[in-house]
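Structure first, commentary second.
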Amino acid sequence: MKTLTNILWWLWLPVVLVILWWFASAQSTNLFVPPLQKIVESTIRDFGNGLLLTAMATSLVNLVLGLLIAILFGVIFGLIIGETRRLRLILDPFIHFFRSVPQSALVPLIIGAFGIGAEPKIYAVAFACVWPIMLNTIDGTRSVEVGVRQVSRVFGIPKMLYFRRVVLPGAMPQIVAGVRVALPIGIVVMVVSELFASNMGLGFYILNSSSTFRIPETWGGAMLVGVIGYFLVMVFSLFEKRLLSWYFKSAAR
Amino acid sequence: MTLEMQAPTPTAVKAGRVGSKVNWGLTLQRVLALIIILALWQVAVVVGLLPSITPGVIEVFGAIGAALTMPTFWAALGQTLTAATTGWLISCVVGVTLGLLIGTIRPLDRSTSVVVEFGRAFPTIALMPVVMLMLGATMTMEVTMVVLASVWPVLVQAILGSRRLDPAIVDTVQIFRIPRALWFRRVLLPSAMPFIATGIRISASISILAAVGVEVLTQVPGLGRLITLAQEAQRWDMAFAYLFFAGLFGWGIATLLAWGEKSLLAWNRQSDD
Amino acid sequence: MTIPQSIHTGTLTTTGNVLLKVDNIALGYGEGAAEKRIVDALSFDVGLGEFISIVGPSGVGKTTLLRGLSGLLKPKVGQVVVGGHVVSGPHPDIAVVFQDYSRSLMPWMSTRENVAFPLQGRGAGKAERNKEAEAALEAVGLGGQGDKYPWEMSGGMQQRVAIARALAYNAKVLLMDEPFASVDAQTRFDLEDLVIDLREKLGVTIILVTHDVDEAIYLADKVIVIAEKPATVVDVIETGFGTHRDQVATKADPRFQDARARILTRLRHND
């Protein structure tokens, strides 16, 4: 009963908004604002014929690969820099500078340099995502307790083992938080790079439909990217909660 | 033994960066690091490790100098700045006002939570083609995009901030019968300010990201447009120079806001001790 | 010190100068069958200028009672009347000093702004506000410290600021909710004597809610003992110390000892 009331509280507004949109746009004669019904129809049709599924797969593969590269480099360099005090002090302003470059500005350069295939998009996502992950990893290494460090030193734990079994798990909550920050950035860069120049993917679907004046498809594609982005972020939050259950539990105590 | 393994406290690191005394040794090392990075870049270009179009260090420095004397560059920077700040300011006002209302009115909070979560996670830039169809490649479109992208962090943080108003303060305000408007301005807003400040900071960098993104993708003039034009004209040195300025711009704003937050919200740090 | 030693229920106040009248109130949370009643059939009168302590064991519902007296919680039954007006919400004649000074003071305001804030809520001009705030700070021994922030002060000083804020509000009745519960013993004595002093000088009517029997007797003209579930008045004791007290002499007074024994017996008996 209680959960049912909660669900009603949560859902009534979104439902009302969609219904409003549906009826307000139903009689729309504005070419650029098609009825919601038409948008939904075109999206369902393109899901049926596989067009959107292929586009989604392309975009998501680029995003995931870019993100994986960013995690790999961000974590490795983050651990090294974080564990070397001098290096951290010296490099701090540079990392902050790269972090501050508006990631969307990189897209023309990377695509100009590498062409319009999948690779440059992966690079663009990776380059944009690596900085928040690296910064968070550096912060994370600092959260390893002094006592834990001393114990490892006293017992003569080898450097590699120390990184793998002490620093990495200790920094994990921060690393995962870094990936959570990086994920939406990666999605934005993925979209921008596909809207900039592409011949496949969701961005291409949007771009192509808009330049051929199939406006319902443009709306549908844009909404779909948004919904996918939303779900990715949600799924990641759930994943984070599960992965880091030890952290939340110990912090709750 | 203990000494050498002592993890530096955050304050110790900060002191190294913004301490009252300039740490010359560290500065020197940073300059050296910069030189090494630039040298590595130059070597990579000469050896051919980087894509052939990558300009050398000297060319980029030249281009940076050239950009500084170009009226088009300053005009573009001004346009990006105007669009980003206009959108950002609108986001701050709208986000703070709505956020404080939502955060303090329980039914409103429950009703809007899904919409707010959705808006926050929605990659707004995806809507650009649609907004572009409706508004054309105009400044209005750019500002609209900036607002759509940057309003969420402020909104979410304002909601979080107003939810944490201390019950003791709620009682106090009731007992002394503080009028609603005064309560909003002198109690709720300052109490939520530490949270809002974070939102405002995040929102500022998203504003720049969105403004440059729109310019990269459309004909709207600005820094992003200059980068695209330079790329199309194969002027890679200029493209890198503009990129450098975009980074400098983003970094400058982030640093400025972090500093402002630190000095304006001294009470928050103190009372948390 | 000529008041007889015998202790008996209140006759000191006549209905003529009753400032605050608690008339058979019941307080609770929730509605109807689901209601959890905390306070029931509770009545007492407070005379003008009187100092009342309400003492009861922890968890008896003292904070609920205070919320009821201050207008933060509407009685289910009965009413609270102050100066002839029924209290139906926070009232201009009632100011409160909360237990948790560190949370009831606003850290983003200077001490002076904190004290002046209720006056600002009344629409007083800046000059007037600052003057009143400075006077109130002066009264609690914090003259000239208005520019400091609460978090730059010790706990005892912060509680003084909270008292100054209540004074500046210029209410007829000052309600204090365990105001000295979170400070150390010495500071506590200082603050107790400050309150006695303020009452003597300014003639404010004070209702203090506490679980500390000694404090209740030491400060008050009349101690109201509450107990049972739901809480109600189980005893009323006139202390008869007059307006001037002394931490050592008053506490050594046989009347003090008698009152103490009587209250403790009452409370134990009701456990």
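Residue numbers (our numbering), protein chains in the order written: chain R, 13 to 265; chain V, 4 to 276; chain H, 13 to 283.
Each residue gets a CB set at the ideal place from its N, CA and C atoms; glycine is no exception.
Selected residue, minimal CA-CA separation from residue i, among the options
{"i": "H:K33", "options": "H:V221, H:D57, H:E150, H:P242", "result": "H:D57"}
{"i": "R:W21", "options": "V:G106, V:T83, V:R113, V:I38", "result": "V:R113"}
{"i": "H:E62", "options": "H:K241, H:P242, H:R211, H:E240", "result": "H:R211"}
{"i": "V:I210", "options": "V:V173, V:E145, V:G68, V:F247", "result": "Sequence inspection shows Ser at residue 210 of chain V; the Ile mentioned does not correspond to that position. Taking only the C-alpha atoms, the option nearest V:S210 is V:E145."}
{"i": "H:Q269", "options": "H:D226, H:F192, H:N142, H:L54", "result": "H:D226"}
{"i": "R:A38", "options": "R:I51, R:V204, R:V27", "result": "R:I51"}
{"i": "R:E157", "options": "R:R165, R:G182, R:A138, R:L173", "result": "R:G182"}
{"i": "R:A194", "options": "R:T96, R:G238, R:M68, R:R111", "result": "R:R111"}
{"i": "R:L349", "options": "R:S222, R:N211, R:V204, R:G198", "result": "In the structure as shown, chain R starts at 13 and stops at 265, and residue 349 of chain R therefore has no counterpart that could be examined."}
{"i": "V:D240", "options": "V:A129, V:A42, V:S55", "result": "V:S55"}
{"i": "R:G129", "options": "R:T224, R:K171, R:T55, R:A209", "result": "R:A209"}
{"i": "R:V113", "options": "V:V119, V:P193, V:A207, V:E264", "result": "V:A207"}
{"i": "R:C141", "options": "R:I19, R:S164, R:A82, R:R97", "result": "R:A82"}
{"i": "H:L203", "options": "H:V246, H:G156, H:A151", "result": "H:A151"}
{"i": "V:P193", "options": "V:D174, V:A42, V:E264, V:I67", "result": "V:E264"}
{"i": "H:V221", "options": "H:D105, H:V246, H:T75", "result": "H:T75"}
{"i": "V:N271", "options": "V:A129, V:G164, V:L43", "result": "V:G164"}
Residue i, buried or exposed, once every other Cβ within 10 Å from all chains shown has been counted against 16
{"i": "R:I31", "result": "exposed"}
{"i": "H:L187", "result": "buried"}
{"i": "R:A36", "result": "exposed"}
{"i": "V:A269", "result": "exposed"}
{"i": "H:S70", "result": "exposed"}
{"i": "H:I275", "result": "buried"}
{"i": "V:W3", "result": "With chain V covering only 4 through 276, there is no way to say anything about residue 3 of chain V."}
{"i": "V:Q222", "result": "exposed"}
{"i": "V:E235", "result": "exposed"}
{"i": "H:K48", "result": "exposed"}
{"i": "H:D159", "result": "exposed"}
{"i": "H:Y41", "result": "exposed"}
{"i": "H:I66", "result": "buried"}
{"i": "H:H20", "result": "Residue confidence is low: H:H20 scores 37 on pLDDT, short of 50, so the model does not pin down where it sits. Its coordinate-derived value is still stated next. Burial call: exposed."}
{"i": "H:T27", "result": "Annotation note: pLDDT 46 at H:T27 (below 50); position unreliable, no value reported."}
{"i": "H:L77", "result": "buried"}
{"i": "H:N126", "result": "buried"}
8 Å Cβ cutoff met for residue i and residue j
{"i": "H:T217", "j": "H:V237", "result": "no"}
{"i": "H:S194", "j": "H:Y161", "result": "no"}
{"i": "R:N74", "j": "R:I134", "result": "yes"}
{"i": "V:M148", "j": "V:M131", "result": "yes"}
{"i": "H:Q170", "j": "H:L117", "result": "yes"}
{"i": "R:Y242", "j": "R:L64", "result": "no"}
{"i": "V:G225", "j": "V:A214", "result": "yes"}
{"i": "R:A125", "j": "V:L246", "result": "no"}
{"i": "H:A180", "j": "H:A148", "result": "yes"}
{"i": "V:L185", "j": "V:L168", "result": "no"}
{"i": "H:V51", "j": "H:P242", "result": "yes"}
{"i": "H:L54", "j": "H:I219", "result": "no"}
{"i": "R:T70", "j": "R:G232", "result": "no"}
{"i": "H:R257", "j": "H:Y230", "result": "yes"}
{"i": "V:E280", "j": "V:T85", "result": "Since the first residue of chain V shown is 4 and the last is 276, residue 280 of chain V is not available in this structure."}
{"i": "V:I40", "j": "V:A244", "result": "no"}
Other residues of its chain near residue i: CB distance less than 7 Å, five sequence neighbours each side excluded
{"i": "V:V99", "result": "V157, A161, I199"}
{"i": "R:W33", "result": "L48"}
{"i": "R:I93", "result": "L99, R100, L103, I150"}
{"i": "R:L207", "result": "G215, I218, L219"}
{"i": "V:V97", "result": "V154"}
{"i": "V:G139", "result": "none"}
Neighbourhood of residue i by C-beta, 8 Å cutoff - its chain only, sequence neighbours within 5 removed
{"i": "H:D233", "result": "L24, E62, F63, I64, E250, T251, G252, F253"}
{"i": "V:V134", "result": "M144, T147, M148, L151"}
{"i": "H:R141", "result": "A128, L131, Q132"}
{"i": "R:M68", "result": "L214, L236, I240"}
beta-carbon residue i near the ligand FMN non-hydrogen atom, thresh 7 Å
{"i": "V:V217", "result": "This structure does not include the ligand FMN; it has no bound ligands of any sort."}
Residues near residue i by beta carbon distance below 6 Å, same chain, minus five either side
{"i": "V:V159", "result": "R123"}
{"i": "H:Y113", "result": "Q170, Q171, A174"}
{"i": "H:T199", "result": "G168"}
Within 8 Å of chain V by C-beta, residues of the segment 184-203 of chain H in sequence order:
none
Which residues, in chain order, does the segment 180-192 of chain R contribute to contact with chain V at a C-beta distance below 7 Å?
Within the segment 180-192 of chain R, not one residue has a Cβ closer than 7 Å to any Cβ of chain V.
Taking only beta carbons into account, state which residues of the segment 245-258 of chain V come closer than 7 Å to chain H, listed in chain order.
none
Which residues, in order along the segment 203-219 of chain H, keep a beta-carbon less than 7 Å from a beta-carbon of chain B?
Absent here is chain B; the protein component of the structure consists of chains R, V and H.
Between the segment 226-245 of chain R and chain V, which residues of the former have CB atoms less than 9 Å from a CB of the latter, in chain order?
I227, T230, W231, G233, A234, M235, L236, V237, G238, V239, I240, G241, Y242, F243, L244, V245
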